[in-house]
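**Q** One structure is given below, represented as structure tokens, and several questions about it will come after.
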Amino acid sequence: MIGLLRGKLIELDGPTALIEVGGVGYEVEVTTGAAALLVAHPERAMIYTHLVVREDAHSLFGFPSLAERDLFRSLIKVTGIGPKLALSLLSTVAPDAFANAITSGNTTALVRVPGIGRKTAQRLVVELKDKIRELSASTSVGSTPTAREAVLALIALGYRENTAAQVVGEVADAHGAAANVEDLVREALKRLAAA
């Protein structure tokens with residue numbers, strides 16, 4: 001499965017991005033958050049992805065954070081929610097607002113999404129309410145390219161994704177927005193070695 005793309009943004013046409021990675025162009029359907037991230041860093045484009053394989057197509061969907069991708073994966077498991085509708089929902093409602101709507105049972109916020117009716121909104125609340133902790137809102141790790149790069153560096157060194165994300169999040173909180181990737185990785189490695 002293709003879980004991440006890192007390369008150069010060639011074109012963004014509505015929700016479809018064309019990203020060149022190693023000489024190959026990938027067409028990816030992206031959320032508005034992913035589109036904003038790609039436009040902000042076109043030469044260093046990086047998004048998390050989910051591949052949907054069907055008889056007639058292989059579709060790649062892109063997200064700015066692991067939290068948003070995990071939310072997408074939970075959404076497409078709900079009866080009546082396909083990938084396009086899940087992408088539309090994530091482009092319309094921020095992950096933290098979605099989590100709040102599910103927790104509070106606020107179907108009104110969900111019905112505002114094109115394609116989501118009252119019954120579908122109620123089904124989302126019922127089926128996802130118990131899983132809401134897994135659908136946590138995007139963290140500071142998921143929201144900055146610098147922190148994401150640091151997490152990926154730790155993963156490349158053999159650390160588990162959850163461990164890397166947690167430690168980088170702690171380091172990023174301690175150092176603030178001024179920290180660069182090298183600082184985050186260096187400090188994270190110190191904390192991991194001390195653990």
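Residue numbers for the sequence shown follow the numbering used here, beginning at 1 and rising by one.
Quick reminder that beta carbons are idealized off the backbone N, C-alpha and C, glycines included.
What separation, rounded to the nearest whole angstrom, lies between the Cα atoms of Val-141 and Val-78?
**A** Annotation note: pLDDT 45 at Val-141 (below 50); position unreliable, coordinate value reported separately. Spanning the two alpha carbons is a distance of roughly 27 Å.
**Q** What separation, rounded to the nearest whole angstrom, lies between the Cα atoms of Glu-187 and Leu-66?
**A** Computed Cα separation, rounded: 22 Å.
**Q** Determine the direct distance from the alpha carbon of Leu-152 to that of Gly-158, and round the result to whole angstroms.
**A** Spanning the two alpha carbons is a distance of roughly 10 Å.
**Q** Given a cut-off of 9 Å, decide if Ile-47 and Ala-17 are closer than it, judged by their beta-carbon atoms.
**A** Yes, Cβ-Cβ distance for Ala-17 and Ile-47 is below 9 Å.
**Q** Rounded to whole angstroms, what is the Cα-Cα separation between Leu-37 and Gly-7?
**A** Approximately 13 Å, taken between the alpha carbons.
**Q** Let's test the definition: count the other Cβ atoms within 10 Å of the Cβ of Ala-174 and tell me whether it reaches 16, buried, or not, exposed.
**A** So Ala-174 ends up on the exposed side.
**Q** Taking the beta carbon of Leu-51 as the centre, do at least 16 other beta carbons fall within 10 Å, making it buried, or is it exposed?
**A** Leu-51 is exposed by the Cβ-count criterion.
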